[in-house]
Amino acid sequence: MNSLSPFSVATPQPSTASVRGLHVITWGCQMNVYDSERMTDVLRPLGYRAVGTPEAADMIILNTCHIRDRAAEKVFSELGRLRKVKEARAERGEGTVLAVAGCVAQAEGKEILARAPYVDIVLGPQTYHRLPEMVARAARAAGAVIETDFPVEQKFDFLPADRVAPAGGSAFLTIQEGCDKFCSFCVVPYTRGAESSRPAAAVIAEARQLAAAGIAEITLLGQNVNAYHGEGPDGATWGLARLARVLADEVGIQRIRYTTSHPRDMEDDLIAAHRDLPQLMPFLHLPVQSGSDRVLAAMNRGHTADEYRTLVARLRDARPDLALSSDFIVGHPGETDADFADTMRLIGEIGFAQAYSFKYSSRPGTPAAGAGMQVPEDVKDARLQELQAVLRVQQDAFNAATVGQVVPVLFTGRGRKPGQISGKSPWLQAVNVEGPDSLIGRIATVAVGHTYTNSLGGVLTEEADRA
Ligand code: 5AD
Ligand code: SF4
0 MNSLSPFSVA TPQPSTASVR GLHVITWGCQ MNVYDSERMT DVLRPLGYRA
50 VGTPEAADMI ILNTCHIRDR AAEKVFSELG RLRKVKEARA ERGEGTVLAV
100 AGCVAQAEGK EILARAPYVD IVLGPQTYHR LPEMVARAAR AAGAVIETDF
150 PVEQKFDFLP ADRVAPAGGS AFLTIQEGCD KFCSFCVVPY TRGAESSRPA
200 AAVIAEARQL AAAGIAEITL LGQNVNAYHG EGPDGATWGL ARLARVLADE
250 VGIQRIRYTT SHPRDMEDDL IAAHRDLPQL MPFLHLPVQS GSDRVLAAMN
300 RGHTADEYRT LVARLRDARP DLALSSDFIV GHPGETDADF ADTMRLIGEI
350 GFAQAYSFKY SSRPGTPAAG AGMQVPEDVK DARLQELQAV LRVQQDAFNA
400 ATVGQVVPVL FTGRGRKPGQ ISGKSPWLQA VNVEGPDSLI GRIATVAVGH
450 TYTNSLGGVL TEEADRA
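In numbering that gives the first Met the number 0, the protein residues as written are 0 to 466.
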């Protein structure tokens with residue numbers, strides 16, 4: 000997702016008195032952000048429009064993430080809060096449909112309805128296209144509605160063709176879902192189901208719509224995005240490289256990214272696309288999880304640390320300015336000090352521009368959860384601290400190396416300070432400058448002058464020329 004990195008987004012838009020309010024709370028990965036947008040699209044014909052607060056919403060959707068620890072508790076605590084909102088609205092004579100979507104809904108649907116009977120709809124990620132029908136059923140109030148199958152029909156075939164492009168020039172586009180890799184620690188194969196890819200023509204059509212709406216950057220999403228193998232318009236199976244070429248050369252997308260990738264699916268033609276396509280941004284999230292061959296095998300990752308090193312070398316050969324990002328897990332069952340030292344060595348050798356790192360946490364039903372040799376919590380804490388300290392140094396060094404460069408920035412919105420606009424460098428660094436709102440949604444060059452903890456500052460080059 001990027002990866003399934005943790006962030007939380009609400010989708011506020013102005014409310015209109017004559018329509019019904021919809022408030023979607025999104026947790027988890029970019030795929031959930033995309034799904035929330037598409038659920039909003041599905042509900043639009045029913046008169047639902049996004050509103051900024053749950054209090055103003057006739058329907059509230061909590062789109063959940065199950066990837067790491069305590070996901071269910073977090074959901075129940077948020078539901079407790081939303082229950083109060085629903086009750087307060089009921090006192091004013093306003094009904095509220097409360098829905099729980101996403102991976103926690105998929106995994107714990109029955110438990111949700113048992114513990115939170117005020118929830119009206121529970122829906123898994125494969126059933127969003129059926130939302131209008133579920134809303135109608137919930138309105139008929141024959142009890143709560145639960146839809147967590149993996150239906151035979153493809154949800155993408157049933158989602159509306161019209162997609163509202165997000166503001167800011169950058170959009171997500173899901174091209175692949177599910178995962179068959181069954182890493183020892185991961186719930187995704189159970190919550191998102193088997194791998195499936197959208198037909199290339201459908202992806203291209205959606206990209207054309209986005210381009211026509213002024214979108215400059217598309218991030219192709221999938222739990223295993225580089226395992227993409229969609230049916231091509233010519234009847235052949237298309238891989239990600241072929242799709243990216245069409246998006247770049249025929250659809251005219253200026254910036255293409257994809258996430259999350261698995262090292263095992265990094266085919267030769269995709270590496271070649273990084274050499275040939277300037278539109279393919281020089282930043283790749285390629286999770287390695289561990290640098291120890293023993294742990295990688297226990298995780299069922301299907302590659303060794305050296306294979307990862309070789310892959311990175313080939314990618315850098317193809318695209319010398321490619322920056323890498325990764326996910327790491329410390330304290331997988333059986334991880335020894337020596338294994339952890341191997342991870343630290345790999346990090347030192349590769350040099351990551353950015354990374355997400357987590358303490359292993361047991362997910363019920365996954366193979367690692369039942370494994371012996373669980374690593375004590377204090378050991379995990381110490382390893383995580385050590386690893387994050389090094390990754391921080393690497394990220395700072397990477398950002399510092401941008402100072403003095405002139406980089407193209409896609410401005411996606413206003414900055415935090417008045418008069419500032421904010422955007423992304425090719426390497427996915429946040430960049431803030433003083434500049435006009437008219438640049439939002441467009442690419443302009445910035446002379447980078449400073450680094451901050453998680454962002455860069457600078458001046459628009461036209462202004463730099465004048466100074
Ligand atoms: N414990 C810790 N981290 C996990 N991740 C996935 N499952 C677990 C788990 N059980 C991390 C992996 C993955 C990222 C999205 O979340 O690093 O790449
Ligand atoms: Fe989970 Fe592994 Fe699939 Fe990634 S590749 S979604 S970590 S099972």
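Just so it is clear, CB atoms sit at the ideal spot from N, CA and C, and this is done for glycine as well.
Exclusion of Phe327 from the 8 angstroms shell around the ligand SF4 follows from its C-beta lying no nearer than that to any non-hydrogen atom of the ligand. Within a 10 Å sphere around the beta-carbon of Met30 sit 16 or more other beta-carbons, which makes this residue buried. Exclusion of the five residues before and after Pro53 leaves His22, Ile59, Leu81, Val84 as the residues of its chain whose Cβ lies within less than 7 angstroms of its Cβ. DSSP, read as helix, strand or coil, puts Ser183 in coil.
Cys185 has its alpha-carbon roughly 41 angstroms from the corresponding atom of Leu438. Relative to the ligand 5AD, the nearest heavy atom lies less than 8 angstroms away from the CB of Phe357. When rounded, the separation of the alpha-carbon atoms in Ala368 and Met133 is 34 angstroms.
With a 10 Å radius around the Cβ and a threshold of 16 neighbouring Cβ atoms, Gly123 comes out buried.
Within the same chain, and ignoring the five residues on either side of Ala226 in sequence, the residues whose Cβ sits closer than 7 angstroms to its Cβ are Gln175, Glu194, His261, Asp264. Here Gln393 has Gly350, Phe351 as same chain residues with Cβ atoms under 6 angstroms from its own Cβ, once five neighbours each way along the sequence are excluded. Around the beta carbon of Met280, 16 or more other beta carbons lie within 10 angstroms, which makes this residue buried. Taking each of Ala381, Gln384, Pro417, Val430 in turn and checking the Cα distance to Ala399, the smallest one comes out for Val430. Here the alpha carbon of Gln253 sits roughly 34 angstroms from the alpha carbon of Gly20. Ranking Ala135, Thr444, Val144 by CA distance to the CA of Ala113 puts Val144 first. Annotation: the continuous beta strand (DSSP E) that includes Pro407 extends over 405-413. Under a 10 Å Cβ-count criterion, Glu107 is classified as buried, with 16 or more other Cβ atoms of the shown protein chains found around its own Cβ. Relative to Tyr359, the option among Ile111, Gln353, Glu376, Gly347 whose CA is nearest is Glu376.
Ser76 counts as exposed, since fewer than 16 other C-beta atoms from the protein chains shown sit within 10 angstroms of its C-beta.
In this structure, DSSP gives Asp326 an extended state, which the three-state scheme calls strand.
Each of Cys178, Lys180, Phe181, Cys182, Cys185, Val187, Pro188, Gln222, Asn223, His261 has a C-beta closer than 6 angstroms to some heavy atom of the ligand SF4; these make up the full list, in chain order.
Secondary structure of Arg80 (DSSP, three-state): helix.
Relative to the non-hydrogen atoms of the ligand 5AD, the Cβ of Asp68 comes within a distance shorter than 8 angstroms of at least one. Ala446 and Leu455 have their C-alpha atoms roughly 10 angstroms apart. If you draw a straight line from the Cα of Gly371 to the Cα of Leu220, it is about 34 angstroms long.
Contact annotation: the segment 382-396 does not touch the segment 419-427, with fewer than three C-beta pairs closer than 8 angstroms.
Burial check for Glu86: the Cβ neighbour count within 10 Å stays below 16, so the residue is exposed. If you ignore the 5 residues before and after Asp341, its C-beta comes within less than 7 angstroms of the C-beta of Gly290, Ser291, Ala304, all in its own chain and listed in chain order. Residue environment analysis places Ala135 among the exposed positions, since fewer than 16 neighbouring C-beta atoms fall within 10 angstroms of its C-beta. In the DSSP annotation of this structure, the continuous segment of the alpha helix (DSSP H) that includes Phe339 starts and ends at 336-349. Taking Asp268 as the centre and dropping the five residues before and after it, the same chain places the C-beta of Gly238, Ala240, Arg241 closer than 8 angstroms to its C-beta, in chain order.
In summary, Thr39 is buried, with 16 or more beta-carbon neighbours lying within 10 Å of its beta-carbon over all protein chains present.
Looking from the CA of Gly251, the closest CA among Gly231, Asp275, Pro286, Arg207 belongs to Arg207.
Rounded to the nearest whole angstrom, the CA to CA distance from Arg37 to Thr460 is 37 angstroms. In the same chain as Pro188, and ignoring 5 residues on each side of it, the C-beta atoms closer than 6 angstroms to its own belong to Cys178, Phe181, in chain order.
In the DSSP assignment, Gly457 falls outside any alpha helix (DSSP H) and within the unbroken beta strand (DSSP E) covering 454-459.
For the options Ala115, Ala396, Val432, the alpha carbon positioned closest to that of Pro407 is the one of Val432.
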